[in-house]
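**Q** Numbering (the working numbering), first residue to last: 12 to 405.
So this is what it looks like as structure tokens:
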């Protein structure tokens, strides 16, 4: 008896953000689909703050957030299945079950209010029909409501914890790879991550049932059986509508003040600590109490990156020599034009008095917390030159 293999599908998530190469990481998916296609990137929410003299107020030039790129809108479809209802009869077909008809049931523990049975039936109709020429053995899938007695159970879950020892951070589907020599478990389990659009869910299901009928990654039918797949979430709350616009309420922060003279670095770090502590304390009630920050020395692993650049830098298409800038990468995982989460946030401050660095960092952290101009904590509303250099966090 051969070992039963499972195969994962990895998803790509739709990602928008600052122009550059974030790549398919982040924010967001046994076969592996690519996390909701988290690959496209566009500039998002860039702005700058500049400082003049003690007798004038500072000016703030902002640019409108860029819209993110999303897949075309997908509408629910419940096509008829043409499913056979014949009784289970023995055949001489060499398949893992030793019979032609194999029953399939659905267990939906992730979202009981969503009717996913039609999506499974569309998938079975495909593999019973036009997809059957690619199957490695003859089989007819028959839907059933009897989960306990089914040969195959399709489980809709919030997350796939494990799939044949594969990292499942971006896995959206997992199924056994069966052929005429393999022995299926009783029942065989096909796992699908819930929360994706109808079209994406059907694509995931078709892929997973391809493994059930013995088809491996890279085999026909393509692109159904490619190992990476772009998938689209159902509509989700937008970034500005979330209490914490990140996947987690604890954010990793990387601080780089190495461009400052040695005698100024500790004072700059202290200013930044005041800003972070202010938000951890709730920012005068403007952010949830569960928001916290942890320091990291790994810049690439940080959610928030705070830097004092050595040279002038680009901010929203303009060269900034003195002032501060906030830039973000965002996830857009559904089919509207608004992002759902921050993927990362960069704060850069240059040419500013050390005792004003904390204020500038704090100002941009308000944006990183998803606050609008009307929701700004009071220290960041019309603050003058002296107020920016005060102990505003107290």
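Note that CB positions come from ideal geometry on N, CA and C, so glycine has one too.
Small disclaimer: the values here were computed from a predicted structure and weren't measured.
According to DSSP, residue 262 sits in a beta bridge with which residue or residues?
**A** Bridge partners of residue 262: 304.
**Q** Assign residue 244 to one of three DSSP states: helix, strand, or coil.
**A** DSSP places residue 244 in strand when its eight states are reduced to three.
**Q** Return the CA-CA distance between residue 128 and residue 143, expressed in angstroms with no decimal places.
**A** Cα to Cα, the separation comes out at about 21 Å.
**Q** Could you check whether residue 117 and residue 170 sit closer than 8 Å to each other, using their CB atoms as the reference points?
**A** No.
**Q** Three or more C-beta pairs closer than 8 Å, one from the region 392 to 400 and one from the region 300 to 309: is that the case here?
**A** The region 392 to 400 is not in contact with the region 300 to 309.
**Q** Using only alpha-carbon positions, find the residue among 134, 155, 265, 162 that is nearest to residue 109.
**A** For residue 109, the nearest C-alpha among the options comes from 162.
**Q** Excluding the 5 residues preceding and the 5 following residue 367 in the sequence, name in chain order all residues of the same chain whose CB lies nearer than 6 Å to its CB.
**A** 399, 400, listed in sequence order.
**Q** For the alpha helix (DSSP H) containing residue 134, list its first residue and its last residue.
**A** Residue 134 -> alpha helix (DSSP H) spans 128 to 139.
**Q** Report buried or exposed for residue 254, applying the criterion of at least 16 other Cβ atoms within 10 angstroms of its Cβ.
**A** Classification of residue 254: exposed, given that the 10 Å Cβ count is below 16.
**Q** Note down, in chain order, each residue of its chain lying with its Cβ closer than 6 Å to the Cβ of residue 114, except the 5 sequence neighbours on either side.
**A** Same-chain partners within the cutoff: 153, 155, 161, 162.
**Q** Would DSSP call residue 317 helix, strand or coil?
**A** Residue 317 falls in the strand class under three-state DSSP.
**Q** Rounded to a whole number of angstroms, what is the C-alpha to C-alpha distance between residue 173 and residue 330?
**A** Roughly 47 Å separates the two Cα atoms.
**Q** If you draw a straight line from the alpha carbon of residue 47 to that of residue 353, how long is it in whole angstroms?
**A** With a pLDDT of 25 at residue 47, under the threshold of 50, the predicted position of this residue should be treated as unreliable, though the coordinate-derived value follows. For residue 47 and residue 353, the distance between alpha carbons rounds to 14 Å.
**Q** I need the straight-line Cα distance from residue 230 to residue 378, nearest angstrom please.
**A** One C-alpha to the other measures close to 46 Å.
**Q** I need the straight-line Cα distance from residue 146 to residue 176, nearest angstrom please.
**A** Answer to the nearest angstrom: the Cα atoms are 25 Å apart.
**Q** Could you round the C-beta distance between residue 361 and residue 333 to whole angstroms and report it? I think they count as a contact, below 8 Å.
**A** Confirmed, about 6 Å.
**Q** Measuring only the C-alpha atoms, how far is residue 301 from residue 287?
**A** Cα to Cα, the separation comes out at about 13 Å.
**Q** For chain C, check one thing: does any of its Cβ atoms lie closer than 8 Å to the Cβ of residue 302?
**A** The structure shown has no chain C; it contains just one protein chain.
**Q** When DSSP builds the beta bridges, which residues end up paired with residue 403?
**A** Answer is none; residue 403 lacks a bridge partner.
**Q** Report yes if the CB atom of residue 314 is closer than 8 Å to the CB atom of residue 257, and no otherwise.
**A** Yes, the pair counts as a contact, with Cβ atoms nearer than the cut-off.
**Q** Taking the alpha carbon of residue 195 as the point to measure from, which residue in 223, 247, 359 has its own alpha carbon closest?
**A** Taking only the C-alpha atoms, the option nearest residue 195 is 223.
**Q** When DSSP labels each residue in this structure, what does residue 194 get in the three-state scheme?
**A** Three-state DSSP puts residue 194 in coil, outside helix and strand.
**Q** Alpha carbon to alpha carbon, how far is residue 292 from residue 218?
**A** Their Cα atoms are separated by approximately 47 Å.
**Q** Measure the C-alpha to C-alpha separation of residue 335 and residue 349 and round it to an integer number of angstroms.
**A** Cα to Cα, residue 335 sits roughly 25 Å from residue 349.
**Q** Exposed or buried, which one is residue 212 when buried takes at least 16 other CB atoms within 10 Å?
**A** Buried is the call here.
**Q** Beta-carbon within less than 7 Å of residue 200's beta-carbon, same chain only, minus the 5 sequence neighbours each way: which residues are those?
**A** Excluding positions up to five away in sequence, the list reads 164, 166.
**Q** Our contact map puts residue 317 next to residue 392 with C-beta atoms below 8 Å; I'd like the distance itself, whole angstroms only.
**A** The Cβ separation is near 22 Å, so there is no contact.
**Q** Distance, Cα to Cα, residue 369 vs residue 248?
**A** Whole-angstrom Cα-Cα distance: 31 Å.
**Q** In the region 328 to 375, which residue ranges form an unbroken beta strand (DSSP E) of at least 3 residues, counting only runs that do not cross its ends?
**A** Segments of the beta strand (DSSP E) lying fully in the region 328 to 375: 329 to 331, 334 to 342, 352 to 361.
**Q** Using the Cβ count rule (16 or more neighbours within 10 Å means buried), how would you classify residue 159?
**A** Residue 159 comes out exposed.
**Q** What are the start and end residues of each continuous beta strand (DSSP E) run of 3 or more residues lying completely inside the region 200 to 256, in chain order?
**A** Those beta strand (DSSP E) runs which fall completely within the region 200 to 256 and span 3+ residues are 239 to 241.
**Q** Anyone know if the C-beta pair for residue 295 and residue 181 falls short of 8 Å?
**A** Result no, Cβ atoms of residue 295 and residue 181 do not sit closer than 8 Å.
**Q** Would you kindly work out how many angstroms separate the C-alpha atoms of residue 273 and residue 168, rounded to a whole number?
**A** Spanning the two alpha carbons is a distance of roughly 52 Å.
**Q** Thinking C-alpha only, which one of 227, 245, 215, 226 is nearest residue 125?
**A** The shortest Cα separation from residue 125 among 227, 245, 215, 226 belongs to 245.
**Q** Would you report the Cα separation of residue 104 and residue 342, rounded to the nearest angstrom?
**A** Bear in mind that the predicted position of residue 104 carries a pLDDT of just 43, short of 50, making it too unreliable to give a figure here.
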